[in-house]
Amino acid sequence: MTDQRSAIPDHKPRPWVDLLVSIIIPSVILMKLSGDEYLGNTWALLIGLAFPLGWGLFELIRYRKKNFIAVLGVISVGLTGGIGLMEIDARWLAVKEAAVPLVIGLAVLISTRTKYPLVRTLLYNPTVLDVDKIQQSLRERNCEEEFDDRLMKASYFFAGTFLFSAIMNYILARWLVTSPSGTQAFNEELGRMTLVSYPMIAIPSMVMMIAIFFYLWRTIRRLTGHTLDEVLAPHLNEKAEQKK
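Residue numbers for the sequence shown follow this note's numbering, beginning at 638 and rising by one.
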């Protein structure tokens, strides 16, 4: 009997495709094609948001990436479209923009009280690090408790990145989107907000995530004595050797 997992293709990060489909194309459509001489308000909103929504659904279905954050992303785009199409007060857009990362941040905090903190799933996991080897070294050096404390701090830092995103999303939405929803001006402002949010929010959040991973890695190195190459997941080391 064939293992169904083998039929699922490996997911390879494609940041330029993500940027093009989720940010650039929707922003151009909303800012440049919302006039009556082109697509009009409704169609520009539908087509513009169809790109990130369709791409998110494709990723979920194609690669079985049915995780909490991915699902929230799809819901977020759908809510944005609903606010525009139903002509709901634009102030709710700012609430929605802040609510999505805030919910994720709260989920990270709540997960610290369970056996499976989200930071373990996203940063300290077997697809990136050789977790079994690290845990064995921690046991041998009697450092498991100290490492768990550090991992808890990393979880708080991780939740903090989403709090930062929530605050910045709210400020950006209130600042840039001021026109009534369902209008050409609303679409153009929404496109501008989508475009500006990448350098103002996404990049700083990414830098903070890298800093958290570096903090976690420095902790692993200090407590286990292993180099980065020694604790990388085996499949990553194999790929590195093949490239050499």
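Note that the Cβ used here is the ideal one computed from N, Cα and C, for glycine as well.
Asked, Found
"For the segment 794-813 against the segment 745-755, are there 3 or more C-beta pairs whose distance is under 8 angstroms?", "yes"
"How about residue 714 and residue 690: are their beta carbons less than 9 angstroms apart?", "yes"
"Terminal residues of the continuous alpha helix (DSSP H) containing residue 770?", "768-777"
"Does DSSP classify residue 869 as helix, strand or coil?", "strand"
"Thinking residue 899 and residue 662 are a contact (beta carbons under 8 angstroms), I'd like their distance in whole angstroms, please.", "Outside the shown range of the chain (638 to 881) lies residue 899, about which nothing can therefore be said."
"Between which two residues does the alpha helix (DSSP H) harbouring residue 658 extend?", "From DSSP, residue 658 is part of no alpha helix (DSSP H); its letter is neither H nor E."
"Skipping 5 residues on each side, what residues in its chain have a beta carbon closer than 6 angstroms to that of residue 805?", "838"
"Note down the Cα distance separating residue 676 from residue 668, rounded to an integer number of angstroms.", "11 angstroms"
"Determine, using beta-carbon pairs with one atom in the segment 718-727 and one in the segment 784-793, whether at least three such pairs fall under 8 angstroms.", "no"
"Sort 852, 861, 819, 765 by Cα distance to residue 621 and report the nearest one.", "The chain is shown from 638 up to 881; residue 621 falls before or after that span and cannot be answered."
"Answer yes or no: the CB of residue 774 versus the heavy atoms of the ligand NAD, is any distance below 8 angstroms?", "Ligands displayed in this structure: none; no statement on the ligand NAD is therefore possible."
"List the endpoints of the continuous alpha helix (DSSP H) containing residue 844.", "840-861"
"With DSSP collapsed to three states, give me the class of residue 723.", "coil"
"Would DSSP call residue 802 helix, strand or coil?", "helix"
"Is it true that the segment 767-776 meets the segment 821-829, where meeting means three or more beta-carbon pairs spaced less than 8 angstroms apart?", "no"
"Three or more beta-carbon pairs under 8 angstroms between the segment 754-764 and the segment 838-855, yes or no?", "yes"
"Taking only three categories from DSSP, how would you classify residue 750?", "coil"
"In this structure, how does DSSP classify residue 762 when only helix, strand and coil are distinguished?", "coil"
"Hey, residue 718 and residue 686 are a contact pair by Cβ (cut 8 angstroms); roughly how many whole angstroms apart?", "5 angstroms"
"Can you tell which of 848, 787, 831 has its C-alpha closest to the C-alpha of residue 810?", "831"
"Going by the CB atoms, is the gap between residue 738 and residue 802 shorter than 9 angstroms?", "yes"
"So, for residue 716: in the same chain, excluding its five sequence neighbours on each side, which residues have a beta-carbon less than 8 angstroms away from its beta-carbon?", "733"
"How would you write the range of the alpha helix (DSSP H) that residue 826 sits in, first residue to last?", "821-834"
"Looking at the unbroken alpha helix (DSSP H) that takes in residue 817, where does it start and where does it end?", "Residue 817 -> no alpha helix (DSSP H), and no H or E assigned at all."
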